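Number of protein chains: 2
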Amino acid sequence: MQIAILLYERFTALDAVGPYEILSRIPGAEVVFTAVRPGPVRTEMGSLALTADAALGEVTDPDIVLVPGGPGTRDFIADEPILDWIRTVDAATTWTTSVCSGSLLLAAAGLITGRPATSHWNCLEYLPVFGAVPVTERVVVDGKYATAAGVSAGIDLALDLTGRIAGDRIAEAIQLVVEYDPKPPYTMGSTGTAPAALVEALRTSDLVVQSSLSE
Amino acid sequence: MQIAILLYERFTALDAVGPYEILSRIPGAEVVFTAVRPGPVRTEMGSLALTADAALGEVTDPDIVLVPGGPGTRDFIADEPILDWIRTVDAATTWTTSVCSGSLLLAAAGLITGRPATSHWNCLEYLPVFGAVPVTERVVVDGKYATAAGVSAGIDLALDLTGRIAGDRIAEAIQLVVEYDPKPPYTMGSTGTAPAALVEALRTSDLVVQSSLSE
């Protein structure tokens, strides 16, 4: 079972690595990181590069494709080599998946037109621009299309998929191996729990963390 | 504020990238991935390489050091160049931290002798071999030493540290940016919730997922 994870400049590291840590442990899984050109691909921060071991043209029929998000999404939303690769491999995948704003690339490729999908909370509003139906859920599965909300949601998506692909027992074993018993010290992880003022401060850049939403 | 993340062959990807995704967003943070030699360093799976941008000798006085775990820990537990670098930079850090079996490297370097520390559930028993005091908690902070349990626990550790370093508001903002509102589809993330039979099956390799505990 080949799992292809797409990389492009300014992707978000955890979008790709969270699911990787889970899916790569499924017995029989073989993961390949792929990009337009093989070699190091920088995350949105610039301070980390992941290596793409294969060019897109070398990855022709993965069973599963995973498209991470990140600020770079905006640069590739009309990038035909990438959209075309996503469309081509999707024709034969058993699962086509995304994390965070990666769902905008699936939508721009025309794969989830009319389908429910999720994305980072700050990107949900753009899904309809490309014909998808935004849903405020952490993980949305519709047919073979599985989309996750922002960044860390990819871990939940990957465990969900693992159960569907390999069964509950393997998913549970992998959860225990990666000790995924989350205990966030704060409760601001979603727009449902965070105060509106915090959401607004981030949207308007009144509060800026590095690689901010509005850069 | 420089944050150095150590890489070594066969580290666990999420141990490093989970905290990276949080800590790198702290205003003023500058992250550097470092290894004995600069260049790509392969994770335990082999299917992913992260780039070390600096050799250990180039990273002389980080404010924070983070040591990930992974099967490779075993190979470096007596590796003087790595242990010596950890010892040397620790002399000037404000925080010395680890995820998963990375705490065994801190312990082997002699930094947490007599101190409480945590580790991956399958590694806790080895902490006393190196003089540390094992504690079954997800995150343990003792003075400037902060250790996390297995793999995904690094995210919780990083948010905790972010609050201590930059204040609750920044930590909460970063939690919202990475949409860390975990909803695991299973409840087997710790030895406290998983049935003893599952823990035992993993320990004895009756149940094998890729890069298993006992390899």
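Protein sequence lines correspond, in order, to chains A and B. Residues in the first sequence are numbered consecutively from 0, following numbering that gives the first Met the number 0. Residues in the second sequence are numbered consecutively from 0, following numbering that gives the first Met the number 0. All residues carry an ideal CB built from backbone N, CA and C; glycine is no exception. In this text, all values refer to a predicted model and were calculated from it rather than measured experimentally.
Answer yes or no: do residue i and residue j have a C-beta to C-beta separation smaller than 8 Å?
| i | j | result |
| --- | --- | --- |
| Pro37(B) | Ala48(B) | no |
| Val64(A) | Thr92(A) | yes |
| Leu126(A) | Val66(A) | no |
| Leu197(A) | Leu175(B) | yes |
| Thr146(A) | Thr96(A) | yes |
| Ser23(A) | Gln209(B) | yes |
| Ile2(A) | Ile169(A) | no |
| Tyr185(B) | Phe75(B) | no |
| Val177(B) | Leu13(A) | yes |
| Ala54(A) | Thr87(A) | no |
| Ile81(B) | Val35(B) | yes |
| Asp167(B) | Thr192(A) | no |
| Val98(A) | Pro18(A) | yes |
| Arg9(A) | Asn121(A) | no |
| Leu119(A) | Gly162(A) | A small fix is needed here, since residue 119(A) is His in this sequence, not Leu. No. Outside cutoff. |
Where DSSP assigns a beta bridge to residue i, which residues make up the other side?
| i | result |
| --- | --- |
| Gly38(A) | Ala51(A) |
| Gln1(B) | Glu29(B) |
| Pro133(B) | Ala116(B) |
| Ile63(A) | Ile2(A), Trp94(A) |
| Val138(B) | Ala147(B) |
| Phe10(B) | Thr42(B) |
Assign residue i to one of two classes, buried (16 or more other C-beta atoms within 10 Å of its C-beta) or exposed (fewer than that).
| i | result |
| --- | --- |
| Val16(A) | buried |
| Ser213(B) | In this prediction, Ser213(B) has a pLDDT of 46, which is less than 50 and means its spatial position is unreliable; nothing more can be read from the coordinates. |
| Ala77(B) | exposed |
| Gly113(B) | exposed |
| Gly153(B) | buried |
| Ala195(A) | exposed |
| Thr42(A) | buried |
| Ser102(B) | buried |
| Val128(B) | exposed |
| Gly56(A) | exposed |
| Ser204(B) | exposed |
| Asp20(A) | Reading the sequence as shown, one finds Glu at residue 20(A) and not Asp. Glu20(A) comes out buried. |
| Asp83(B) | exposed |
| Pro149(A) | Correcting the residue type first, residue 149(A) is Gly in the shown sequence and not Pro. Buried: at least 16 other Cβ atoms inside 10 Å. |
| Ala90(B) | exposed |
| Glu79(B) | exposed |
Pop quiz: residue i and residue j are said to be a contact at Cβ under 8 Å. What is the actual Cβ separation, rounded to whole angstroms?
| i | j | result |
| --- | --- | --- |
| Pro70(A) | Asp155(B) | With a Cβ gap of about 25 Å, Pro70(A) and Asp155(B) do not count as contacting. |
| Ser100(A) | Thr72(A) | 4 Å |
| Met44(B) | Val30(A) | 7 Å |
| Ala116(B) | Ala131(B) | 5 Å |
| Leu206(A) | Ala172(B) | 5 Å |
What do you reckon, is the C-beta of residue i under 7 Å from a heavy atom of the ligand FMN?
| i | result |
| --- | --- |
| Leu5(B) | Inclusion of the ligand FMN in the displayed structure is not the case, the ligand content being empty and no account of it being possible. |
Exercise for the section: Report yes or no: do three or more beta-carbon pairs, one from the stretch 79-94 of chain A and one from the stretch 136-146 of chain A, lie closer than 8 Å? Expected result: yes
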